[in-house]
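Take a look at the structure below.
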Amino acid sequence: MNRQVKIGPQFFAKAKHDYNDWKWAWIREICQNSIDAGSTTIGFEVEVVDGNTHVTVRNNGEPMTHEILVDKLLALGESGKDFDGTTGGFGKAKELLLLTHMSWSVRSGVLLADGCGGDYSLADDLDELHGTTTAVVMEGDVSWELKKAFDQFVRYGQWRGLFTWNGVEYSADLRKGSPRRDLGFGKVYTNKSESYVLVVRMNGQPMFVKSCGLDRCVVVELEGTSGDVMTSNRDGLSWSYRQELDNFVTELSVDKRSALKPRQEKYRHYDGSRLCHRSAREVSTSDIVGIIEAPVGIIEAPESETSDPVLDIFDGLEQGSGGTTEYHEERRERPGQKAAAYVTAEPVMTSTVTISEEFVIKNETDLVVPTYYRPDEADFSSYSRKLARIWGRLMLQLHRTFDHEADFAIGFIFPEDETEAEFEEGRFGRVYYIAPALLVEQSTTYSKSWKKRFALTERNRVLSVAVHEFVHGLGFGTHDEEYAGKLTDLMAKVMDNRKDFNWAWR
Numbered sequence: 053m054n055r056q057v058k059i060g061p062q063f064f065a066k067a068k069h070d071y072n073d074w075k076w077a078w079i080r081e082i083c084q085n086s087i088d089a090g091s092t093t094i095g096f097e098v099e100v101v102d103g104n105t106h107v108t109v110r111n112n113g114e115p116m117t118h119e120i121l122v123d124k125l126l127a128l129g130e131s132g133k134d135f136d137g138t139t140g141g142f143g144k145a146k147e148l149l150l151l152t153h154m155s156w157s158v159r160s161g162v163l164l165a166d167g168c169g170g171d172y173s174l175a176d177d178l179d180e181l182h183g184t185t186t187a188v189v190m191e192g193d194v195s196w197e198l199k200k201a202f203d204q205f206v207r208y209g210q211w212r213g214l215f216t217w218n219g220v221e222y223s224a225d226l227r228k229g230s231p232r233r234d235l236g237f238g239k240v241y242t243n244k245s246e247s248y249v250l251v252v253r254m255n256g257q258p259m260f261v262k263s264c265g266l267d268r269c270v271v272v273e274l275e276g277t278s279g280d281v282m283t284s285n286r287d288g289l290s291w292s293y294r295q296e297l298d299n300f301v302t303e304l305s306v307d308k309r310s311a312l313k314p315r316q317e318k319y320r321h322y323d324g325s326r327l328c329h330r331s332a333r334e335v336s337t338s339d340i341v342g343i344i345e346a347p348v349g350i351i352e353a354p355e356s357e358t359s360d361p362v363l364d365i366f367d368g369l370e371q372g373s374g375g376t377t378e379y380h381e382e383r384r385e386r387p388g389q390k391a392a393a394y395v396t397a398e399p400v401m402t403s404t405v406t407i408s409e410e411f412v413i414k415n416e417t418d419l420v421v422p423t424y425y426r427p428d429e430a431d432f433s434s435y436s437r438k439l440a441r442i443w444g445r446l447m448l449q450l451h452r453t454f455d456h457e458a459d460f461a462i463g464f465i466f467p468e469d470e471t472e473a474e475f476e477e478g479r480f481g482r483v484y485y486i487a488p489a490l491l492v493e494q495s496t497t498y499s500k501s502w503k504k505r506f507a508l509t510e511r512n513r514v515l516s517v518a519v520h521e522f523v524h525g526l527g528f529g530t531h532d533e534e535y536a537g538k539l540t541d542l543m544a545k546v547m548d549n550r551k552d553f554n555w556a557w558r
């Protein structure tokens, strides 16, 4: 005679211990099952009777068939959804949702399963019910913890349907926010709804929440299926992805700018002479890059504005000299990614103005860089021209002050976040970028626009930003204690020689 292994009530009672917080997991799983069924409303009714918590959840989604209810939901080891366009599955969750509690019932379509633990009775000839009603009796008073978990699910979720809790309506409308980067298993977004919170979601539904070191709400939208990227209880990511997420969270605390860097940036490169510092007191004109119409022969390293290689930066624009300079727009894949390192598009146009120094525009957004920030355009603004000139002079003076031999280009960066400047060494050699504009999002329409970032009278602020990036250019790439110590040492010397930087604003 064939027999089956008997599963006693204590087996299911221990299922709660498989979760970090079973109350949160219960709310998450019941909501996700309802949403996966195509529901537009999910209603909770919770009350405490004789010291135990009675929970009833009603949704108006597609009713379960006999096969799904009996052979999938109420069968150990079966999932029932195949994760096809859904967020969850029945595999592990069924134990927590039903079998671990004092009693339970599931009413769906013409079916009613009524049970305790793994034992249940089934009726299959009831009047048709569009949707599913799940009723559970939980041991003890856990109503407050369930409500807290429900509030968290609603606060961090994004779903078009309507929630109710004991008749009170709630909506889940946390927008992802600004796109930042792709982790491979999920895409990163940030918004200003909260601070120091990281939410991992799938299809807009929160899986788990943890703290992070960024004064924003960070949303990681998972891709693929939950079975591919998450543990069986869905309290966390599978091992390899968990390591990547932990590294990302650590990076947020150490260097948020690098952590939020998108994989791809669009570059606009303008050919020209590179700025340069040489230690020798006497150098040839070929060694001092960027001098415009300098006399041929041996000259002294510039100490005044009359012989400075950055004095005439962009003056060709003001004089309308009529020269031509080509620019090329490029998209570069960040190092360490799978795609090819560089993908270069065809030249977009030929400029009709002269640019003396090499200049690079780096756009990390999906927006078009306005023409008044682009030196090839006739309406390149006075603010942009002066800021570029000041920035180039400051970087050159820092190389002189600390006798750091290097040639470099300057440019504008347009970031998604509040980054003020950046040093980069790559396709265009050493480049020091300054961000001339701040990306602003309208709270009502969620449209984005550029706002001027610096006032040209903010001398100390711009100088401090320049010193910050100069330290990065010295090889201190991460904002750690070593970087902080170097920045303090250099800033002290800059302050002692503050007057040497005044010419940058002339």
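Counting from 1 along the sequence shown, just add 52 to a position and that's the residue number in this note's numbering. For each residue, glycine too, the CB sits at the ideal point set by N, CA and C. Fair warning: this is a prediction, and the values are worked out from it, not measured in the lab.
DSSP beta-bridge partners of residue i
i	result
Y559	Outside the shown range of the chain (53 to 558) lies residue 559, about which nothing can therefore be said.
D234	K239
A473	I486
T186	V109, V158
V270	T242, L250
M282	L289
C328	D459
Q257	M254
Q210	D225
G478	G481
A165	V158, L174
G596	Limits of the chain in this structure are 53 at one end and 558 at the other, which puts residue 596 out of reach.
S263	V249
L446	L446 is not bridged to any residue.
K504	A489
Nearest-angstrom Cα separation, counted from residue j out to residue i
i	j	result
G304	L312	At residue 304 the sequence reads Leu, which differs from the Gly that was named. Distance between the alpha carbons of L304 and L312 is about 8 Å.
I344	E409	Low local confidence applies: a pLDDT of 28 at I344 is under 50, so the model's placement there is unreliable, and no value is given.
W555	A518	15 Å
R330	E477	19 Å
E457	H451	7 Å
K66	W74	11 Å
K68	L148	6 Å
W76	Q257	13 Å
Q449	G276	51 Å
K146	I120	12 Å
I413	V240	24 Å
N218	A187	14 Å
P488	K262	34 Å
F202	W78	9 Å
S160	C264	41 Å
L419	D234	18 Å
M259	T283	11 Å
S499	T216	31 Å
E191	D166	17 Å
D193	D280	35 Å
F64	H153	8 Å
A430	V421	14 Å
R558	G238	48 Å
A544	S245	38 Å
I442	D552	13 Å
D548	P231	42 Å
Beta-carbon separation (whole angstroms), residue i vs residue j, contact threshold 8 Å
i	j	result
H531	V306	6 Å
Y424	D287	Rounded, the Cβ-Cβ distance is 50 Å, inconsistent with contact.
V109	I82	5 Å
N243	V271	7 Å
V122	L174	7 Å
S157	L164	7 Å
Y535	V523	6 Å
F460	M447	7 Å
S91	G213	6 Å
Among the options, nearest to residue i - alpha-carbon criterion
i	options	result
L491	V188, K504, N299, F205	K504
F528	K500, E474, W557	E474
E5	T93, R326, R320	The chain is shown only over 53 to 558; residue 5 falls outside these bounds and no answer can be derived.
R227	W211, V281, L235, M547	W211
L266	N255, G161, S310	S310
R253	T216, V206, E221, K244	V206
N255	D88, D166, V483	D88
L274	R268, L297, S284	L297
V220	W502, E97, G90	E97
D541	F553, R558, S516	S516
Y172	G209, L181, L125	L125
I486	S501, P467, T185, T117	P467
R445	T471, S230, R326	R326
Within-7 Å CB hit, residue i to chain D
i	result
K244	No chain D appears in the structure shown, which is made up of a single protein chain.
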